[in-house]
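Protein chains in written order, with UniProt numbering: chain A, 1 to 450; chain B, 1 to 199.
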Ligand SMILES: NC(=O)c1ccc[n+]([C@@H]2O[C@H](COP(=O)([O-])OP(=O)(O)OC[C@H]3O[C@@H](n4cnc5c(N)ncnc54)[C@H](O)[C@@H]3O)[C@@H](O)[C@H]2O)c1
């Protein structure tokens, strides 16, 4: 599902409540329910809310947001579900701190703008919460990433970044193929966030998608905060959807490590052009100087000798694609042309359609939960990422994506910004694991459990 | 057929220069990149050695890295340089590199243009010096500084040195430090290393 479909469907969900549970999940669950509080019930938060409401093993005890419209949409969803209304916290940007005083909260799910993730994660950990799920992006600066890692270590708590693309059906099938050695020894990987966000970055303040060229306080949903990052920052601003899946293929933080990166950015044209084309040259936003290069290309070097290319491409007209490529000594997968080539199996020098390969290597998780995932956001993968978090809380075990994964993936942003700032200098990655990457073992999606 | 023969045929040249056969092109790995006969060198110090000199004890014909991790360099008392790593102390013209008292990275007379914020110099920093041979005896040298989060905040590069310029030991003008680490390669045969060093 692409962004347009996603945004449209969540908007419809919120308005017409059509995708809410037909059948509940884990209805026979007899254990202690996961008591969760939500920070941010904007469009992404509502997506998670819909999934949480479907689960009988979860109690949503409180929600917090500063936007009354978003809160009303969330409340309507809860009412419709027949579940009890959680306590509502709102009023100002720090209302979440009051929410954290509720003793019954055992886990927190954060789906707010990026700049709020770090304070909300650390605030939750300091309040004694042992399981924090955060939407993608851990912090803004490199120091933010260290602060979150140190806080998780200090409080012996689990911070999971909800990197849903790690659970995409084709991505998991390809991971399965990698683990079974189909591609041989992995050499090179590509991914990215190649998604025309112009109608997300600008809207009319009413709809979440297009209809105007407003942003910041005059915008709605992501136009309200995300666009501002394009004004002030130039770098790989959204690395995790691209890097998460490929990092799993080469066991980053578990026997492997990102060593260094450099980033190059094109000139910035798309956002200004969009404002002028849609709003006219006299629109005040036509004067805004957008720093973000339209296409930012980042190259990463890994300890075990693999290279990775990430591309951030959100300001230009283009169909959606994360642009994955996983290549080894025996062959490769490319998602853009949906094809696979495996030496000795494929016809020499000819692509196979990826379909048969992906079906053959369908991941056990999808085989088991594919039906439950139907209707969940982004083609079902949202079900899995949330499921992994909830199962970890229920069992009191570490989350399969942990704070070190989150930090390593998300730190690409400040490192790439710095690379560009220093004239495309190659920048070293810090080791958030403190040397543990050498001995840690892979834990992600090893079976059909969670 | 040789190029000259073709020329002579085409233009009926009367030039009577002797035909010199061009050698066949040869592809081989440059000597400084052939590392199969080397052994890794990895040395760490957490305090100044007794004689004040960190011996490099590696072959500068191959790439090497010096990493210096220290706290509060700006508090070091040194009128000219906040911190300097002096290489090859036995020679009169040793290479000095580090952070100058204005707060810029420097390598001898070369200084970076990016000011290192004083607040960074009042916390922990890491200086990383890498020297990569380029062949024909020259070296590419890069000095970079990282802040306490590990973020590279400035770099300085130069090609003005030869591999031989780096032979020797190293002194440090701003102790105390947390860690000084040297990583590089050593030729497997000790006498070969001497040859390299005397190049
Ligand atoms: N994984 C995915 O596929 C995916 C998809 C979309 C968005 N996201 C991520 O989800 C996060 C939220 O994005 P979104 O699209 O829902 O944006 P949004 O603007 O629709 O929602 C953000 C919500 O946070 C609220 N908020 C802002 N400051 C707050 C505060 N101090 N306290 C409480 N609430 C506050 C806003 O009012 C808004 O309702 C971002 O990190 C985004 O990158 C992820």
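Each residue gets a CB set at the ideal place from its N, CA and C atoms; glycine is no exception.
In whole angstroms, what is the alpha-carbon distance linking residue 161/B and residue 339/A?
So the two alpha carbons sit approximately 50 Å from each other.
With a threshold of 7 Å between beta-carbons, can residue 152/B be considered close to chain A, or not?
It does: the Cβ of residue 152/B has a partner Cβ on chain A nearer than 7 Å.
Any heavy atom of ligand 1 inside 6 Å of the beta-carbon of residue 409/A?
Incorrect: residue 409/A has no Cβ contact closer than 6 Å to ligand 1.
Between residue 244/A and the rest of its own chain, which residues show a CB-CB distance below 7 Å, the 5 nearest in sequence each way excluded?
For residue 244/A, where only same-chain residues beyond five positions count, the Cβ hits under 7 Å are 163, 165, 166, 409.
Got a sec: which bits of the stretch 150-181 of chain B sit with their beta carbon under 7 Å from any beta carbon on chain A, in order along the chain?
So the list reads 150, 151, 152, 155, given in the order they occur along the chain.
Cβ of residue 36/A within 7 Å of Cβ of residue 81/A?
No, the pair does not count as a contact, with Cβ atoms beyond the cut-off.
What does the alpha-carbon distance come out to for the pair residue 74/B and residue 119/B?
Taking the straight line from one Cα to the other gives about 9 Å.
Residues bridged to residue 325/A by DSSP?
Per DSSP, 190/A, 334/A.
List, in order along the chain, the chain B residues whose C-beta lies closer than 7 Å to that of residue 146/A?
Those within 7 Å of residue 146/A in chain B are 149.
Is residue 115/A near ligand 1, going by C-beta to nearest heavy atom under 6 Å?
No, since every heavy atom of ligand 1 falls outside the 6 Å radius drawn around the Cβ of residue 115/A.
Enumerate, from N- to C-terminal direction, the unbroken beta strand (DSSP E) stretches of 3 or more residues contained entirely within the stretch 62-117 of chain B.
Complete beta strand (DSSP E) runs here, min 3: 64-71, 81-87, 95-100, 105-107.
Given 6 Å as the limit, tell me if residue 198/A has its C-beta closer than that to any heavy atom belonging to ligand 1.
Not under cutoff, so the answer is no.
Could you compute how far the alpha carbon of residue 172/B sits from the alpha carbon of residue 53/B?
Taking the straight line from one Cα to the other gives about 8 Å.
Report yes if the C-beta distance between residue 114/A and residue 149/B is below 7 Å; otherwise report no.
It is not a contact, given that the beta carbons lie outside the stated cut-off.
Where does residue 139/B sit, in a helix, a strand or coil, going by DSSP?
Of the three classes helix, strand and coil, the one that applies to residue 139/B here is strand, per DSSP.
Report yes or no: do three or more beta-carbon pairs, one from the stretch 387-406 of chain A and one from the stretch 277-286 of chain A, lie closer than 8 Å?
The answer is no - the stretch 277-286 of chain A does not touch the stretch 387-406 of chain A, with fewer than three Cβ pairs under 8 Å.
Quick check on this structure: which residue in 249/A, 150/A, 297/A, 385/A has the alpha carbon closest to the alpha carbon of residue 333/A?
Selected option, being the one with the closest Cα: 249/A.
For the candidate residues 32/B, 45/B, 3/B, whose alpha-carbon lies nearest to that of residue 64/B?
Comparing Cα positions, the closest option is 32/B.
Under 8 Å by Cβ, that's how I've got residue 309/A and residue 190/A pegged, so tell me the actual separation to the nearest angstrom.
Rounded, the Cβ-Cβ distance is 5 Å, consistent with contact.
I'd like to know whether the C-beta of residue 119/A is nearer than 7 Å to at least one C-beta of chain B.
No, residue 119/A lies away from the interface with chain B (no Cβ there is under 7 Å from its Cβ).
Rounding to the nearest angstrom, what Cα-Cα distance links residue 32/A and residue 104/A in this structure?
Computed Cα separation, rounded: 12 Å.
Say the cut is 6 Å; is the CB of residue 203/A nearer than that to a heavy atom of ligand 1?
For ligand 1, not one heavy atom lies less than 6 Å from the Cβ of residue 203/A.
Confirm the yes/no value for this check: CB of residue 72/A, any heavy atom of ligand 1, distance under 6 Å.
Result no, Cβ not under 6 Å from ligand 1.
I'd like to know if the stretch 141-155 of chain A and the stretch 170-177 of chain A are in contact, where contact means that at least 3 CB-CB pairs between them fall below 8 Å.
The stretch 141-155 of chain A vs the stretch 170-177 of chain A: no contact.
Could you say which of 46/B, 55/B, 86/B, 57/B lies nearest to residue 70/B if we only look at CA atoms?
The residue with the shortest Cα to Cα distance from residue 70/B is 46/B.
Could you tell me whether any non-hydrogen atom of ligand 1 is closer than 6 Å to the CB of residue 42/A?
Under cutoff, so the answer is yes.
Counting Cβ pairs closer than 8 Å, one from the stretch 218-226 of chain A and one from the stretch 368-378 of chain A, do we hit at least three?
Not touching, per the Cβ criterion.
Buried or exposed: residue 47/A, going by 16 or more other Cβ atoms within 10 Å of its Cβ?
Flag for residue 47/A reads buried.
Which runs of the beta strand (DSSP E) spanning at least 3 residues fall entirely within the stretch 68-131 of chain A, listed in chain order?
Counting only runs of 3 or more, we get 87-89, 107-110.
I'd like to know whether the C-beta of residue 327/A is nearer than 7 Å to at least one C-beta of chain B.
No, its Cβ sits nowhere closer than 7 Å to a Cβ of chain B.
Let me see if you follow: with CB-CB separation under 7 Å, is residue 425/A close to chain E or not?
The structure shown contains no chain E; the protein chains it does contain are A and B.
Compute every distance between the C-beta of residue 108/A and the non-hydrogen atoms of ligand 1, then say whether any falls below 6 Å.
No, the beta carbon of residue 108/A sits no closer than 6 Å to any heavy atom of ligand 1.
Measuring from the CB of residue 124/A, is there a heavy atom of ligand 1 at a distance below 6 Å?
For ligand 1, not one heavy atom lies less than 6 Å from the Cβ of residue 124/A.
Who are the near neighbours of residue 445/A in its chain, counting only those whose CB is closer than 8 Å to its CB and skipping five residues on each side?
These residues qualify, in order along the chain: 166, 167, 172, 175, 248, 363, 365, 400.
Taking Cβ positions only, does residue 143/A come closer than 7 Å to chain B?
At least one chain B Cβ lies under 7 Å of residue 143/A.
Look up residue 436/A in the DSSP assignment and say whether it is helix, strand or coil.
In the structure shown, residue 436/A sits in a helix (DSSP, three-state: H, G or I).
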